[in-house]
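Structure first, commentary second.
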Amino acid sequence: MLEIKLKKQLGQLGLSVDLKIPGKGITGLFGLSGSGKSSLINLVGGLIRPDEGFIRLNGRTLVDRAQKIWLPPNLRRMGYVFQDARLFPHYNVQGNLGYGIKKFQRAEFEHIVELLGIGHLLKRYPQTLSGGEKQRVAIGRALLTNPEMLLMDEPLSALDLPRKRELLSYLDKLSEQINIPILYVTHSLDELFRLAERVVLLDNGKVKAFDSLENLWQGELLAPWKTQSEQSAVLSLPISTQNIAYKMTALQLGTQPLWVKAVPGEIGQKVRIRIYSSDVSIALNIAEKTSIRNILSGIISEIKAFEDHSEIEIRIGEQKIWASVSRWSCEELGLQRGQQIYAQIKAVSVL
Ligand SMILES: Nc1ncnc2c1ncn2[C@@H]1O[C@H](COP(=O)(O)OP(=O)(O)OP(=O)(O)O)[C@@H](O)[C@H]1O
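If you count by the UniProt record's numbering, then the sequence shown holds residues 1 to 351, one letter each, in order.
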């Protein structure tokens, strides 16, 4: 666990944070530009000193102003990955990874090199690598310091979209295979959806929320980042059935199955999905012959009327999804709160 309780004045910004971050999975640090995300990660990494308070990692004090304890960055056992890879230009990849300089377990070195797909790059120099390749080397270098935690400050932001996607898939693998908690600063909701288990929402130096992404997405705090066309539900649902013949997976939504394209995984394993309101329509009766696989019974829990359409919140078990319905259809069907309806779900994206 990472315990942070500190204050730091940075120009006009008063950073004041009291957090206990679990020692596993990826925690996203999210917030507007200038809210203090990078400063917080720099305080954890030891690049800045707090004015008061302490930081402890797995019970080990990294800094404590009252007790006059200060561990410099190199003794904190934190792996750091910045926006730019910051590799040494005069070393090849192998040298940048510290090979031949530090002592590694050979198996560990090979595992990390394989995980990040950089085996074929070992003899190359940084100036011959793409941005994504450089970042993979930087991540490898951080992991090979045997850290207790990985700090990543917008590691994808300097990359173009194809490289972002490529690196994201490596980060996915990393979080599954390497048992090191990651504190991940990002501006991007897409990255949060894809990677973060939980999110610290920073606002003007203060923690406005610390919750699972699913809970945060359901509330109002992320409203400034949502556009109307992006009205969607983000759910984390357990796998209930694997249909191998049709390459489909059923997730448990309340007591009903929600079918998605095959997702590898054990029964009970949770899968994060996103359902856009524009992919959900409403019927009062269950259609007999339809190609739509997912028709789920639910109750209307809220109706938000806009000029030309309504966003209908539907409760299914404990979960909520949204349907976008034209005003005309809304009136014709006489939709109202508390009504039992059928949600016809045309598409589900697995995140
Ligand atoms: N050493 C400093 N002296 C004065 N002000 C500082 C100092 N370091 C940071 N700040 C200010 O603190 C605020 C928070 O900066 P920080 O880089 O932590 O924000 P951020 O949320 O990471 O922003 P971005 O998303 O733009 O990277 C900014 O307004 C910045 O100008």
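Glycine residues also receive a C-beta, built at the ideal position from the N, C-alpha and C atoms. Please read these numbers as outputs of a predicted model, since none were measured by experiment.
Less than 7 Å between C-beta atoms, sequence neighbours within five positions excluded: which residues of the same chain meet that for residue i?
i	result
residue 352	Any question about residue 352 goes unanswered here, given that the chain covers just 1 to 351.
Leu-216	Val-199, Leu-201, Ala-209 and Leu-222
Should residue i go down as buried or exposed, given a rule of 16 or more other Cβ atoms within 10 Å for buried?
i	result
Ser-310	buried
Ser-232	buried
Gly-268	exposed
Ser-326	exposed
Leu-43	buried
Val-260	buried
Does ligand 1 have even one heavy atom less than 7 Å from the beta-carbon of residue i?
i	result
Lys-7	no
Lys-289	no
Lys-37	yes
Gly-45	no
His-187	yes
Leu-13	yes
Gly-28	no
Ser-33	yes
Leu-116	no
Leu-222	no
Leu-10	yes
Taking 6 Å as the limit between beta carbons, can you name the residues of its chain near residue i, skipping five residues before and five after?
i	result
Glu-302	Glu-313
Ile-316	Leu-253, Gly-254, Leu-296 and Gly-298
Quick one, are the C-beta atoms of residue i and residue j less than 8 Å apart?
i	j	result
Glu-166	Val-185	no
Leu-333	Ile-282	yes
Gly-338	Pro-181	no
Ile-341	Ile-275	no
Leu-2	Met-149	yes
Val-81	Arg-124	no
Leu-213	Leu-237	no
Leu-159	Gly-117	no
Asp-190	Ser-35	no
Met-248	Leu-151	no
Lys-7	Asp-51	yes
Phe-88	Gly-95	yes
Strictly by DSSP, which residues pair up with residue i?
i	result
Arg-272	Ser-236
Ala-250	Thr-241 and Trp-259
Trp-217	Paired residues: none, contrary to the question.
Glu-52	Lys-7
Quick one: what's got a C-beta closer than 8 Å to residue i's C-beta in the same chain, skipping five residues either side?
i	result
Gln-336	Ile-300 and Ile-303
Ala-323	Ser-277, Val-280, Ser-281, Ile-282, Glu-311, Ile-312, Ile-314 and Ala-343
For ligand 3, any of its heavy atoms closer than 7 Å to the Cβ of residue i?
i	result
Tyr-170	Annotation note on ligand 3: not contained in the displayed structure, which lists ligand 1 as its ligands.
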